[in-house]
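Trainee: Can you keep this structure in mind? I'll have questions shortly.
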Amino acid sequence: MGQPDEEYYGAEDAIAAFDALSDKDRNNLGRIARFIAGTSGFPSPDDLINEAYVRIAEGKRRWPRAHGFVPFVAGVMKSLRSDSAFVTDERKVVRLDQGFAIVTSEDLQIVAANDDDGGLARKAIIEDAISKLEEHFADDEEMLLLLMGIQEGLIGKDLQEAVGVDEKRLEALRTRLKRKIDNLADDYRAKEGLA
Numbered sequence: 129m130g131q132p133d134e135e136y137y138g139a140e141d142a143i144a145a146f147d148a149l150s151d152k153d154r155n156n157l158g159r160i161a162r163f164i165a166g167t168s169g170f171p172s173p174d175d176l177i178n179e180a181y182v183r184i185a186e187g188k189r190r191w192p193r194a195h196g197f198v199p200f201v202a203g204v205m206k207s208l209r210s211d212s213a214f215v216t217d218e219r220k221v222v223r224l225d226q227g228f229a230i231v232t233s234e235d236l237q238i239v240a241a242n243d244d245d246g247g248l249a250r251k252a253i254i255e256d257a258i259s260k261l262e263e264h265f266a267d268d269e270e271m272l273l274l275l276m277g278i279q280e281g282l283i284g285k286d287l288q289e290a291v292g293v294d295e296k297r298l299e300a301l302r303t304r305l306k307r308k309i310d311n312l313a314d315d316y317r318a319k320e321g322l323a
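According to my numbering, the stretch in the sequence shown is residues 129 to 323, in order.
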């Protein structure tokens, strides 16, 4: 593993990359921000982009050299949905029964009590798989939007619209995703001795 300076761009480089974004890239970031904000109900797309910029400019979020700038900013925005410093306690989102629910701070103990060991193990496996998929497709904006859309339960025309592609392209993206998921499942089965 290299030194941090070798693995990450500096904040100045990230600011310069942000300033140099093409109109297409700015539109893509806006579409991603609208998608993230629309699926969570908060914060606004402008808030997501502004807060991502602030955190990147302050060096709180570092841009890995291995990833493109737009997918990096998209990842920062996505992480803001559950950032307790950005989202108030009353608006925190938790996963319940493979869905999302907004809970108040008084409800957090009830949520924790409802998570049994089996449920936590399944969640850990799912979260690990999603992380690996996001990492694998980090430089592919369409695939990242597809992953986000699927996680939010979008299907058909809604998913097609969220990703910003036609039906034929969506099918091609789904095929790529299925292949990667199959590979991850094979790896998991081999790791667990189930193959």
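Note that beta-carbon positions come from the ideal geometry of N, C-alpha and C, so glycine has one too.
#1: From Ala-145 to Ile-278, what distance separates their C-alpha atoms?
#2: Going by the beta-carbon positions, is the gap between Asn-156 and Val-204 smaller than 8 Å?
#3: Are the Cβ atoms of Ala-161 and Leu-149 separated by less than 8 Å?
#4: Got a sec? Which residues, its chain only, sit under 6 Å from Ala-194 by beta carbon, not counting five neighbours each side?
#5: Which of helix, strand or coil does DSSP assign to Pro-171?
#6: Give the C-beta separation of Tyr-136 and Arg-183 to the nearest angstrom, bearing in mind that I take them to be a contact with Cβ-Cβ under 8 Å.
#7: Could you compute how far the alpha carbon of Val-293 sits from the alpha carbon of Ile-254?
#8: What's the C-alpha gap between Gly-158 and Leu-312?
#9: Hey, which unbroken runs of the alpha helix (DSSP H) at 4 residues or more fall wholly within the segment 139 to 191?
#10: Short of 6 Å in beta carbon distance, which residues of its chain neighbour Leu-236, apart from the five on each side in sequence? Order them along the chain.
#11: What first and last residue would you give for the alpha helix (DSSP H) that runs through Glu-269?
#12: Using 8 Å as the threshold, is the C-beta distance between Leu-275 and Glu-262 below it?
#13: Look up Tyr-136 in the DSSP assignment and say whether it is helix, strand or coil.
#14: Please name the residue, chosen from Tyr-181, Leu-208, Asp-174 and Ala-165, that lies closest to Ala-139 on a Cα-to-Cα basis.
#15: Where does Arg-304 fall in DSSP's three states?
#16: Is Asp-256 helix, strand or coil by DSSP?
#17: Just curious, the alpha helix (DSSP H) that Ala-290 is in, first and last residue?
Mentor: Working from what's here:
#1: If you number the sequence shown from 1, residue 145 lands on position 17. If you number the sequence shown from 1, residue 278 lands on position 150. In a straight line, the C-alpha of Ala-145 is about 29 Å away from that of Ile-278.
#2: Against the sequence shown, residue 156 aligns to sequence position 28. Against the sequence shown, residue 204 aligns to sequence position 76. Not closer than 8 Å, so no.
#3: Taking the sequence shown and counting its residues from 1, the one referred to as residue 161 is at position 33. Taking the sequence shown and counting its residues from 1, the one referred to as residue 149 is at position 21. Cβ distance not < 8 Å, so Ala-161 and Leu-149 don't count as in contact.
#4: For the purposes of this step, residue 194 is identified with residue 66 of the sequence shown, where counting begins at 1. Correct list: empty, nothing qualifies.
#5: One-based indexing of the sequence shown puts residue 171 at position 43. Residue state, collapsed to three classes: coil.
#6: The count along the sequence shown starts at 1 and reaches residue 136 at position 8. The count along the sequence shown starts at 1 and reaches residue 183 at position 55. Incorrect: roughly 14 Å between the Cβ atoms, too far for contact.
#7: What you label residue 293 is simply residue 165 of the sequence shown in a count that begins at 1. What you label residue 254 is simply residue 126 of the sequence shown in a count that begins at 1. The alpha-carbon atoms of Val-293 and Ile-254 are separated by roughly 26 Å.
#8: Looking up residue 158 in the sequence shown gives position 30. Looking up residue 312 in the sequence shown gives position 184. Distance between the alpha carbons of Gly-158 and Leu-312: 31 Å.
#9: Restricted to the segment 139 to 191, the alpha helix (DSSP H) segments that are unbroken, complete and at least 4 residues in length are 139 to 147, 151 to 168 and 173 to 185, listed in chain order.
#10: The count along the sequence shown starts at 1 and reaches residue 236 at position 108. Any reading at Leu-236 must be qualified, since the residue scores a pLDDT of 45, below 50, and its modelled position is unreliable; the value itself is stated next. Within the same chain, no Cβ atom closer than 6 Å to the Cβ of Leu-236 is found once the five residues on either side in sequence are excluded.
#11: Taking the first residue of the sequence shown as position 1, residue 269 is located at position 141. Taken as a continuous stretch (DSSP letters only), the alpha helix (DSSP H) holding Glu-269 covers 269 to 279.
#12: As a position in the sequence shown, residue 275 is number 147, starting the count at 1. As a position in the sequence shown, residue 262 is number 134, starting the count at 1. Contact: yes.
#13: Translated into positions along the sequence shown, residue 136 becomes position 8. Looking at Tyr-136 - three-state DSSP - the assignment turns out to be strand.
#14: In the sequence shown, residue 139 corresponds to position 11, counting from 1. Closest by alpha carbon: Tyr-181.
#15: Along the sequence shown, one-based indexing puts residue 304 at 176. Correct three-state label for Arg-304: helix.
#16: Mapped onto the sequence shown, residue 256 falls at position 128. Reduced to three states, the DSSP call for Asp-256 is helix.
#17: Counted from its first residue, the sequence shown places residue 290 at position 162. Its alpha helix (DSSP H) spans residues 284 to 291.
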